[in-house]
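Numbering of the sequence shown is given in my numbering, commencing with residue 19 and proceeding in unit increments.
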Amino acid sequence: MGAAPAFGALREHMAVHIPDDLIEAYRKAERVVVLTGAGVSAESGVPTFREAQTGLWAQYDPRELATPQAFARNPRLVWEWYAWRRSLIQKARPNLAHYALVDLEQATPHFLLVTQNIDGFHWLAGSRDMVELHGNIARTKCFDEGHIVGWWPETDDVPPRCPHCGGLLRPDVVWFGEGIPDHALRAAFDAAASCDLFVSIGTSAMVQPAAQLPLIAKRMGAKVLEINPQQTAISLVADWALQGTAVEVLPALVRALGFPTNAIDGAQQSSTNDE
Ligand code: OAD
19 MGAAPAFGAL
29 REHMAVHIPD
39 DLIEAYRKAE
49 RVVVLTGAGV
59 SAESGVPTFR
69 EAQTGLWAQY
79 DPRELATPQA
89 FARNPRLVWE
99 WYAWRRSLIQ
109 KARPNLAHYA
119 LVDLEQATPH
129 FLLVTQNIDG
139 FHWLAGSRDM
149 VELHGNIART
159 KCFDEGHIVG
169 WWPETDDVPP
179 RCPHCGGLLR
189 PDVVWFGEGI
199 PDHALRAAFD
209 AAASCDLFVS
219 IGTSAMVQPA
229 AQLPLIAKRM
239 GAKVLEINPQ
249 QTAISLVADW
259 ALQGTAVEVL
269 PALVRALGFP
279 TNAIDGAQQS
289 STNDE
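See below:
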C-alpha cells in the first residue's frame, strides 16, 4: 500500500465515541430525517462554501455567480463557473459518509435524506428516498421557461441555447433569491415536523429555509443529532453534537447501531481494488 492511497478519502480515520442514549434513541426511532450540507462531500475533495480560506464564498462572490441577476448580467461567466465546479465533481466520488447514509436508510423504517448539495453523490452512493433542495449541477434547464433540457445542439454559444425556445441554458440549481421547488420544500418540512430523530450533518445552518428544518423537528418533539467538526447554531439545540467529520462519525454510528454495513463494505472493497 502506498503512502497516499488513491481512494484515501473513503477511509475511516479514527475511533469515535457514540453515546449509549443516542444508540437507544436511534433504535427506537421510526422516522428519521437527515439534512446534509457541503461538509458531507468535503472528504471527497469538493470545497464547502463558508469555511475561511477554503470555502468557495471566501474566494468568489456569490452575488456575481449564484443569482439570476448575475446570470442575466454575465451568462458566460456563470455558465463557465458552474462548468468548472461540475468538472471538479466529476473527478471526485462519494465517500464513506455517503455510503454510511445508504446503510442507515436500509435499516430505518422511514428515512428521508434532505440534501442541500448539488453534487449528486448521495444518488451515486445509492441513497434513494431523498430530496435535493438546491437542485443538481448535472441537470440543465432553460433560463426563460424553466423546463429541463437534456440535449442541445453543439454550437460555439456559451451558454448553449435551449433547443425549444432559443433561450439561454443554465444549471438546474437554486440560486440566491430563487425559491426551492414546492414539492421539495413540502416533503422536507412535512418530514421534519413528523420525525422522531433529526440528523444534521456538515452544514453551517446559515442558509434558509434548510436551516429551519432542525428547529422545526426539535419544536415538534424530535431528538436532534448534529455531526460537524465545528459548532453551529444547531449545536445549541442538538441533543447530541458529535464533533467530528462525516467520514469519522457516520460509519462509526452505523457500526455502533449494529446495522448491516453493505454499502460501507462495498465502498471499502472497491477502494482496496483501486489501490
Ligand atoms: P457551508 O460551507 O456553509 O458549511 C459547511 C459545513 O460543513 C461547516 O459547518 C463545516 O464545519 C462543516 N464541515 C466541514 N468539513 C466537514 C466534514 N469533513 N464533515 C462534516 N462537516 C464538515 O455549506 P452548507 O451549509 O452546505 O447554497 O451551505 C448551504 C448552502 O449555502 C449551499 O447549499 C449553497 C451555499 O451557498 C446555494 O448555493 C444556494
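We put the beta carbon where it would ideally sit given N, CA and C, even for glycine. Every value quoted in this text rests on a predicted model; they were computed, and no experiment measured them.
Residue i versus residue j: straight-line alpha-carbon distance, rounded
i: residue 3; j: residue 226; result: Because the chain here runs from 19 to 293, residue 3 falls outside it and cannot be looked at.
i: residue 43; j: residue 215; result: 8 angstroms
i: residue 50; j: residue 242; result: 10 angstroms
i: residue 33; j: residue 82; result: 42 angstroms
i: residue 289; j: residue 114; result: 10 angstroms
i: residue 246; j: residue 220; result: 5 angstroms
i: residue 279; j: residue 130; result: 19 angstroms
i: residue 143; j: residue 281; result: 8 angstroms
i: residue 229; j: residue 132; result: 12 angstroms
i: residue 136; j: residue 151; result: 8 angstroms
i: residue 270; j: residue 77; result: 34 angstroms
i: residue 45; j: residue 118; result: 16 angstroms
i: residue 211; j: residue 292; result: 42 angstroms
i: residue 213; j: residue 97; result: 38 angstroms
i: residue 257; j: residue 236; result: 9 angstroms
i: residue 148; j: residue 234; result: 19 angstroms
i: residue 189; j: residue 159; result: 6 angstroms
i: residue 90; j: residue 38; result: 53 angstroms
i: residue 145; j: residue 194; result: 26 angstroms
i: residue 196; j: residue 153; result: 12 angstroms
i: residue 250; j: residue 69; result: 12 angstroms
i: residue 25; j: residue 71; result: Only weak support is given to the placement of residue 25: the predicted model assigns it a pLDDT of 45, under 50, and the question is left unresolved by the model.
i: residue 254; j: residue 102; result: 36 angstroms
i: residue 161; j: residue 140; result: 26 angstroms
i: residue 116; j: residue 287; result: 15 angstroms
i: residue 124; j: residue 175; result: 45 angstroms
i: residue 79; j: residue 208; result: 33 angstroms
i: residue 88; j: residue 283; result: 44 angstroms
i: residue 231; j: residue 198; result: 14 angstroms
i: residue 110; j: residue 138; result: 11 angstroms
Whole-Å CB distance - residue i paired with residue j, under 8 angstroms assumed
i: residue 122; j: residue 277; result: 7 angstroms
i: residue 170; j: residue 179; result: 7 angstroms
i: residue 52; j: residue 192; result: Not a contact, Cβ separation roughly 19 angstroms.
i: residue 177; j: residue 93; result: 5 angstroms
i: residue 155; j: residue 100; result: 6 angstroms
i: residue 259; j: residue 36; result: Not really, about 13 angstroms apart at Cβ, beyond 8 angstroms.
i: residue 252; j: residue 285; result: About 27 angstroms; that fails the 8 angstroms criterion.
i: residue 239; j: residue 134; result: About 24 angstroms separates the two Cβ atoms, so there is no contact after all.
i: residue 127; j: residue 244; result: No, residue 127 and residue 244 are not in contact; Cβ-Cβ is about 22 angstroms, not under 8 angstroms.
**Study point:** Complete beta strand (DSSP E) runs within the segment 173-202 (minimum length 3 residues, chain order)
**Key:** Fully enclosed beta strand (DSSP E) runs of 3 or longer: 187-191.
Review point. Counting Cβ pairs closer than 8 angstroms, one from the segment 197-208 and one from the segment 180-189, do we hit at least three?
Key: With the cut-off at 8 angstroms, the segment 197-208 and the segment 180-189 do not touch.
**Study point:** At least 3 beta-carbon pairs within less than 8 angstroms: the segment 255-264 vs the segment 52-61
**Key:** Yes, the segment 255-264 touches the segment 52-61.
Exercise for review: Jot down the residue ranges of each uninterrupted beta strand (DSSP E) in the segment 44-93, minimum 3 residues, whole runs only, in chain order.
Suggested key: Qualifying beta strand (DSSP E) stretches, in chain order: 49-54.
Check your understanding: Can you give, in chain order, each stretch of the beta strand (DSSP E) that sits fully within the segment 218-292 and has at least 3 residues?
Key -> Positions of the beta strand (DSSP E) runs, each at least 3 residues long and wholly inside the segment 218-292, are given as 241-245 and 258-260 in order along the chain.
**Study point:** Stretch-stretch touch, CB-based, cutoff 8 angstroms, three pairs: the segment 61-79 with the segment 105-114
**Key:** Taking one beta carbon from each stretch, the segment 61-79 and the segment 105-114 have 3 or more pairs nearer than 8 angstroms; the two touch.
Review point. Considering only residues of the segment 111-186, which uninterrupted beta strand (DSSP E) runs meet the minimum length of 3 residues and lie entirely inside it, listed in chain order?
Key: List check, beta strand (DSSP E) in window: 128-133, 148-150 and 153-160.
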